[in-house]
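Just so we're aligned, residue 236 is where the sequence shown starts under this note's numbering, counting upward by one.
Notes for the one structure printed next.
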Amino acid sequence: MKSSPPEAKAFPYFINKPLIGVLSCPIGRRTRPILSNYRELIIQGRKRGITVYVFEPRGVDWKRRQVWGWTLGREAGNGWRLYKFPLFDVVYNRIPNRKAENRPEVQKCIEQLERENIPFFNPCYLDKWVVYNWLAQDRKLTGHLPKTRLFSIAGLTEMLDKAGSVYLKPRAGSVGRGIMRIDKTPSGYRVHIKTGKGYAAHTENGVAGIAARLKSKQPQKEYIVQETVDLARYRGRIFDIRTLIQKDLQGEWKVTGMGARLAAKNAFLTHVPNYGQVVPLKDVLSELLENSEIRMHVIYDRIIELAHAVGTCVDRNSNMAFGELSLDIGLDANLSLWLIEVNSKPFRFDEPDIRILSRNRVLDYATYLTRSKQKGSETS
């Protein structure tokens, strides 16, 4: 560590175990991480007698085994305070985006965590093509995957000829950024995009024009081509089922919650930053299933079964410690489930009950990893 904040004092209170460090870093012009994202986690930890602080890579002094980290003040109305803490027992990775994750100081911190044998979960963002190939090897999941391949002009042409409609997605994309929908029409190809001003569409005469647009707009990015699923609609708008799975105190995958994300009218993306809308899943399914409680429970059970299979598959193939995954699950007109996307480091859920439970699940899994390391040390 090159320099330490001179005003930081040692944390003046008793430190409850496990001591959880949340790894983050500033983005944009900020001089510190967006601390408000971690308020609920720290509050829930304090209620459970667990100490949580937020740190950035340059805040770790590995030689002295000290960390400069932020946490909430203890008095009513107190805001964020910077203190000097002992080295963490376990680290929860919340580096805010892929660009930040690739910074040298972040990668060095991750490498040091591995050398120190410090439990560390949510190690990286996921590559859509890599994840698809993991899932495609699992017989439980193959029937739930839209046809997908790496982008090429020949491959795009073939898929459009067969399916008539596809999505182009950056392999390393998040929150719907860079996604296009391509529909084959009698006059050519209709290209739907999301711009800073909203949704727009234009027509290309041939697939080569689509490829040229990709190269000019995103020359460094690789894309996948994913067949469009004919999703069921709620009041004329497409939706998907955002499902959060997390590991518990036993290190097992559990469904923390699920909610519907409704696209804007005539839009093709359901993400809230892309004008999507949060809708209670029960309301959507009640209308689609004509208020049949039995059919609703069948759908819920099938989502839980699918979600558990996805988490198990990612564990088996990645050989990494993921503590949470967000799944975008589509429901088609025949009520079949389709796994549209799998994302690590999910953004917070808007539903309050899911959000609070999710914070406690993070604490659960951090506790599990700490206990597992302690048991390993005792038996070695």
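The beta-carbon is built from N, C-alpha and C at its ideal position, and this holds for glycine as well.
Per the DSSP secondary-structure output, E559 pairs in a beta bridge with Q481. Just so you know, the alpha carbons of E310 and K500 end up roughly 47 Å apart.
The count of Cβ pairs closer than 8 Å, one atom from the segment 450-463 and one from the segment 387-398, reaches three, so the stretches are in contact. With a cutoff of 8 Å on beta-carbon distance, L466 and G399 are scored as not near each other. In this structure, the CA atom of K252 is about 10 Å from the CA atom of G280.
Within the same chain, P354 come within 6 Å of K608 by CB-CB distance, once the 5 residues on both sides are set aside. In the three-state scheme derived from DSSP, where H, G and I count as helix and E and B as strand, L370 is classed as helix.
Per the DSSP secondary-structure output, S400 pairs in a beta bridge with D418. As for any alpha helix (DSSP H) of minimum length 4 sitting wholly inside the segment 510-577, the runs are 516-523 and 528-553, ordered along the chain. Within the same chain, and ignoring the five residues on either side of T491 in sequence, the residues whose Cβ sits closer than 7 Å to its Cβ are L479, I480, Q481, I589, L592, S593 and R596. In this structure, the straight-line span from the alpha carbon of E393 to that of V442 is close to 10 Å. Per DSSP, R265 lies in no alpha helix (DSSP H) and is assigned neither H nor E.
Judged by DSSP secondary structure, E346 falls within the alpha helix (DSSP H) whose first and last residues are P339 to R350. Counting other Cβ atoms within 10 Å of its Cβ, N352 stays below 16 and is therefore classed as exposed.
When the beta-carbon positions are compared, F290 and G304 come within less than 8 Å of each other.
Distance from the Cα of V514 is smallest, within the candidate group G408, G494 and P508, for G494.
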